[in-house]
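See below for the structure under consideration.
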Amino acid sequence: MDFESNSYGGIRTMKKVMMYLLAIMLLLPVIPHASASNEKMDSTRSVDRPSFLTSVSVFAGSGDFEAWDGAASEASFRMPQGIAVLRDGSVLVAEGKNHLIRQIANGQVSTYAGLILKTDANGIPSGGWNDGTRSTAAINAPSGIDTDAAGNIYIADSENHAIRKISTDGTVSTVAGDGVLGLKDGAGSEARFYHPQDVAVAADGTLYVADTLNHAIRRITPDGQVATLNAPSVRAIEVAAGYAVPAGDYADGKLAESKFNEPASIAIDDKGNLYVSDTGNHLIRYMDLTEGTVTTAAGLSPGEQPVYEQGALYAAGGYADGSSSEARFYSPRGIAVTEEQGLIIADSLNHTIRYLVDGQVSTIAGVPAQFGQLDGINGHNLLHHPTDVAVLPDGNVLIADSYNNQIRELEWYKLPGDLPENDQVKVVFENQIIPFDAQPEIVQGRTMVPVRALSEKMGYEVGFENNERTIELVKGDVKLRLQVGSRVIAAENVATGTQEQLEIEGAPYIKAGRTYVPLRFFSEAFGADVTWDGTSRTVILREIATVVDKLPQADRHSREATLNQIKGTVWISQAGGSLRYRAYDGMSLHHGDRIITEFQSSAILNTVDRKDELTISENSELYISNLSNAAQVKHTSLVLWSGMIGASVSPLIDSLDTFKIMTATAQTDVRGTNFIVGIDPVTGVSKLYVSSGLVQGSGSGTNQNPVSVYPAQQLSLFPGADAGAPNLPDIVDLADFISQASPAVIEALLKQMKQVEQENAEMLERMKNAAAGSDPGGNPYNLSPYELDQFERNLENLLANIAKQALDQGKLDKDKLQEIIDEANKKLNNKIDINNVPPLQLTEQQRQQQELQKRLEEERRKKQQEQDKLREQQQAQLEALKNKLLAEKERLDQENKKQQEAAAKRAEDLLKQQLSDAEKQKFEQQKQELDRQKQQQDAAQLPQAPTPPAPSIPAAPRAAMPMASIVSGAVEPSTEIELTTATEGAAIYYTTDGSAPSASNGTLYTEPLVIEDNITIKAVAVKSGYTSSAILTLSYTIVVPEEDRPEFAEGYPKTYADTLDETTRIHVLVQTNQSGMVFFVVVPRGEAAPAAEQLIEGLENPSWLAYYRADIAADREFQYEVELEETAAEYDVYVVTVIGSDGAASMVRKATAIAPPATD
1 MDFESNSYGG
11 IRTMKKVMMY
21 LLAIMLLLPV
31 IPHASASNEK
41 MDSTRSVDRP
51 SFLTSVSVFA
61 GSGDFEAWDG
71 AASEASFRMP
81 QGIAVLRDGS
91 VLVAEGKNHL
101 IRQIANGQVS
111 TYAGLILKTD
121 ANGIPSGGWN
131 DGTRSTAAIN
141 APSGIDTDAA
151 GNIYIADSEN
161 HAIRKISTDG
171 TVSTVAGDGV
181 LGLKDGAGSE
191 ARFYHPQDVA
201 VAADGTLYVA
211 DTLNHAIRRI
221 TPDGQVATLN
231 APSVRAIEVA
241 AGYAVPAGDY
251 ADGKLAESKF
261 NEPASIAIDD
271 KGNLYVSDTG
281 NHLIRYMDLT
291 EGTVTTAAGL
301 SPGEQPVYEQ
311 GALYAAGGYA
321 DGSSSEARFY
331 SPRGIAVTEE
341 QGLIIADSLN
351 HTIRYLVDGQ
361 VSTIAGVPAQ
371 FGQLDGINGH
381 NLLHHPTDVA
391 VLPDGNVLIA
401 DSYNNQIREL
411 EWYKLPGDLP
421 ENDQVKVVFE
431 NQIIPFDAQP
441 EIVQGRTMVP
451 VRALSEKMGY
461 EVGFENNERT
471 IELVKGDVKL
481 RLQVGSRVIA
491 AENVATGTQE
501 QLEIEGAPYI
511 KAGRTYVPLR
521 FFSEAFGADV
531 TWDGTSRTVI
541 LREIATVVDK
551 LPQADRHSRE
561 ATLNQIKGTV
571 WISQAGGSLR
581 YRAYDGMSLH
591 HGDRIITEFQ
601 SSAILNTVDR
611 KDELTISENS
621 ELYISNLSNA
631 AQVKHTSLVL
641 WSGMIGASVS
651 PLIDSLDTFK
661 IMTATAQTDV
671 RGTNFIVGID
681 PVTGVSKLYV
691 SSGLVQGSGS
701 GTNQNPVSVY
711 PAQQLSLFPG
721 ADAGAPNLPD
731 IVDLADFISQ
741 ASPAVIEALL
751 KQMKQVEQEN
761 AEMLERMKNA
771 AAGSDPGGNP
781 YNLSPYELDQ
791 FERNLENLLA
801 NIAKQALDQG
811 KLDKDKLQEI
821 IDEANKKLNN
831 KIDINNVPPL
841 QLTEQQRQQQ
851 ELQKRLEEER
861 RKKQQEQDKL
871 REQQQAQLEA
881 LKNKLLAEKE
891 RLDQENKKQQ
901 EAAAKRAEDL
911 LKQQLSDAEK
921 QKFEQQKQEL
931 DRQKQQQDAA
941 QLPQAPTPPA
951 PSIPAAPRAA
961 MPMASIVSGA
971 VEPSTEIELT
981 TATEGAAIYY
991 TTDGSAPSAS
1001 NGTLYTEPLV
1011 IEDNITIKAV
1021 AVKSGYTSSA
1031 ILTLSYTIVV
1041 PEEDRPEFAE
1051 GYPKTYADTL
1061 DETTRIHVLV
1071 QTNQSGMVFF
1081 VVVPRGEAAP
1091 AAEQLIEGLE
1101 NPSWLAYYRA
1111 DIAADREFQY
1121 EVELEETAAE
1131 YDVYVVTVIG
1141 SDGAASMVRK
1151 ATAIAPPATD
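Reminder that position 154 of the sequence shown reads as 154 in the UniProt record's numbering, one-by-one numbering, no gaps.
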């Protein structure tokens, strides 16, 4: 995922911060300097060796949440989970969400193994279980991956609860497990696992498995025997009153008595012993197989044990570097051993990469508690939920940057190979030695360097004046002037026009004809990281491309959110964990938690302290990335992976609090208040719809800077290579919005009608005051009075149009909708009549922008179809196999549900053993209450069904919404429109009378539709065994081809002005090539040009001095005259002609008239 910002700010580009850094360097108290004798230099930080300096860059992945093969920079991943490096140097990536193994080789990404069985209603693939060739094998949420000495590949196939093998001949087989979860030792398929997340291969071919939800480390011998090495956990907790689930535990000591909490990764050291990332305990454990013991390698002080709060599956995480006992982690996941027997750790919820070596833990990538996508040197790069690491042959490290959907590379900094080995002070910029014709020196504990050599090496321009006593340094927009012997510096930013006089402690001086300046000031003022390597006596300078501010430390105790009004089946997983359990009303959530809604399910998420309300639509996956409180400022951020959410956010206009909703390709910064964020299931385009308040949206493209989106507008944010176009909001496309929105989101929005009306009225008042000059900042778009009038009418009619579209598309029952409207009308100033709804008004420019967005989306849709078609062609012969595997998957799903129920029952029994009789009775009462709530949730999931389905029967898949060969918009007569659906075998029914189509209402689509008149088409895909698709709504307007449009004769229109009895008369001469009508307005010169529809409709505008309309015959000059009551020196006349009274219009033409000078 490509985020341009971290969790709550903190990123600034270098160009914008040069002056800031300079001021900080000069104004902050000078850090005490070490003397030359102790071999420390100029307050730069000291490291044991330069190898702890790193940088991070993208190795593969565009950041799109897709499964596209191709060039490494253009290919896409969905939450990569595991990485392995093969003997030939190529890289394998285990993709949990795509259910594939991908290969990166020679700058290309390809599918190495696995196939996608189908995609759900949101375009998310489904995995399965099948042995065979690499192209016929099916995998289900693969995670950890490793290779043996012979080149065989082993995979932790998490959702198949199995360990798989890809042999060197390309055969995929199952080493152990039978697809059903459980905890059972034995040979091969007799053994059972529960969501294994990693596998590691020892030198003798023994496999070690992190069996995550069994909280166990398992061993598989070369002959296939599976054994459990540690003790099972017997801890059970109540995640809600009356609801018990199994949980992991902690114990060091003898191997057979040790306990873990969701171990996620294993790495083998050179002794054959195991490091284990004990994710739920936030620890690194060490399993000495020779001694038969387990110890905590990092994350706990001696004698300390993890602390579990009531109802918590996991211990409390933290962050700290230092000794292994001082260090703290937050959901550590993938680990890898380096050549020097250090341990690289993907510290997922700290969004960092840590390095444990020689008993010390250091952060080598990412910034703790800040997340995002940013390349750069350590301290100034960002990751988002890294899940695995792998060491390359050259020692560099690959990172599965899961939530950025990328593979990143961490590169260790290396000193130049030709660095002299002597006691002199050396200066290195990046990997180049800077030669000085005069040596740097230490004066009063401060490193001084000759200014020219260092300046020119770093790309600065250096100038000298006043007999070389004045030095001018220039880079970009920043200019500094230093005086020899003076501690005063003049700093100027040319771009902003700002100037400052600043003072430093160390003054420049001249020695032996060379001008010396302080090294630290000089380098860091212009954005370089400075490090002193004491071993080689070298100052290392590295450029900071983009600065990441160190933000105030957030309170580690998350703020609270609750889940309410659950309909259907909703699942929760706690921060960093793998266990998923059913949600019930009133459950508390915190940052790091994840919410998943099933088909025809929904829930409302409320922040307890701020009272924000978010309606989570069906088929959605939402991750709470931040619920923190730093320096009394509340930060809320959420990541939407699929589906849609409707938000009603408490106003932030006068608050420092932040609220963000992100997707894989976009980010919204909210100031208020009612808006919707959704992801198109086919194109992956993120969409923002605003109904009230102000929301800022930005995408991942280089041109996609943040833009403000106002009520009745939408913003489409394209992923990857398609994100190059600038962000441009346009009038909301209601048909498109409603087709993607769930009933829950629509209903929640309509229930906020009074609040929406009130907020929009306040915004409109501010904009009107700004237009009148009384509130300069209230009209940031500088809307004209006409545009404000249009904006006001659209705001008044927005919710009515949403309600009508919801009714037309069958999203809400008519009686239910009328009930909502009747209740709202009791409070609304603008009453809603669902039978009389004026459409939203669009100017020609707005219509063109809307059409442009539709064309871009259609291009994206076609690109996705090409990818799907290519994959289908590659797997064309596998259709029968896919159907077989889907049936097998359904069988396994049913069996695993039974096993999960059995595990829950065991957890309940374990919990009851700890309760008194009175507590047991209370538990049973609470459990009965949850059972009643579950029945209500299931009943609400399928409101049209007479009885809810049995819990063991999965929801029917949903047919894919039809797609049109040409999106809605202006078309020429006789244009043919083709309708298709991605659901094979589905029939398409359509209507043209505004009613909702279905198999019993509408016409069966059999051939292209020919458009001859303005028309609205509604289409639905229907297939037996599937739920009907969302309704596609298309609106087409007939336009006349350019060659058939009316046009003015050459030189026309013409104008002149005269005066009669102190009245100014404007004469307009017009000649056209077709008969019809002519419309024109007279305005003072320089006023904005009106659109054609404004002229034709005669909409009032205060800037119009005169308006005229008349008939006109072809090929004859006609002269029209208007008299003006107001006078001006010069006038613009805008003219348009139309065939007949409502036919095609010409372009608007302008002529200028100059009034004759006044005479006495």
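Even for Gly, the Cβ is constructed at its ideal location relative to N, Cα and C.
Just so it is clear, the structure is predicted and the values come from calculations on it, not from any experiment.
Starting from residue i, trace the beta strand (DSSP E) in both directions and tell me its first and last residue.
i	result
Gln108	108-113
Phe737	Here Phe737 belongs to no beta strand (DSSP E); instead the alpha helix (DSSP H) covers 734-740.
Which of helix, strand or coil does DSSP assign to residue i?
i	result
Arg1085	coil
Gln928	helix
Pro332	strand
Asp223	coil
Thr212	helix
Ser698	strand
Met25	The pLDDT assigned to Met25 is 34, lower than 50, so where the model puts this residue is not dependable; a value taken from the coordinates is nonetheless given after this. It is helical.
Met753	helix
Thr947	Confidence at Thr947 is low in this model, with a pLDDT of 34, below 50, so the placement of that residue is unreliable and no value is reported for it.
Met1147	coil
Leu842	coil
Pro1008	coil
Glu411	strand
Pro706	coil
Gln713	strand
For residue i, which residues of its own chain have a beta-carbon under 8 angstroms away from its beta-carbon, when the five flanking residues on both sides are left out?
i	result
Ala987	Ala999, Leu1004, Tyr1005, Ala1021, Val1022, Lys1023
Val510	Contrary to the premise, residue 510 reads as Ile rather than Val in this sequence. Answer for Ile510: Glu468, Arg469, Val484, Tyr516, listed in chain order.
Tyr286	Asn273, Leu274, Tyr275, Val276, Val294, Thr295, Thr296, Ala297
Gly151	Leu86, Arg87, Thr168
Since residue i is in the alpha helix (DSSP H), which residue starts that stretch and which ends it?
i	result
Tyr786	785-808
Pro518	Where Pro518 is concerned, there is no enclosing alpha helix (DSSP H), although the beta strand (DSSP E) it sits in stretches over 514-518.
Ser455	451-457
Asp909	879-912
Between residue i and residue j, is the Cβ-Cβ spacing less than 8 angstroms?
i	j	result
Leu207	Ile217	no
Pro416	Gln432	yes
Gln933	Tyr584	yes
Lys1018	Ile1031	yes
Leu1069	Glu1130	no
Asp733	Gln850	yes
Val1133	Pro1053	yes
Lys457	Phe436	no
residue 1209	Gln865	Here the chain has residues from 1 to 1160 only, and residue 1209 is not among them.
Ser588	Ser602	no
Arg514	Gln424	no
Answer with buried or exposed for residue i, where buried requires no fewer than 16 other C-beta atoms within 10 angstroms of its C-beta.
i	result
Met1147	exposed
Gln81	buried
Gln941	buried
Asp418	exposed
Glu304	exposed
Ile24	Caution applies to Ile24, whose pLDDT of 31 falls short of 50 and renders its modelled position unreliable; the model cannot decide the point.
Glu613	buried
Leu656	exposed
His557	exposed
Ala950	With a pLDDT of only 36 at Ala950, under the threshold of 50, the placement of this residue in the model should not be trusted; the figure read from the coordinates follows. With fewer than 16 Cβ atoms within 10 Å of its Cβ, Ala950 is classed as exposed.
Can you give me the Cβ contacts of residue i inside the same chain, cut-off strictly under 7 angstroms, excluding the 5 residues immediately before and after it?
i	result
Lys827	Lys754
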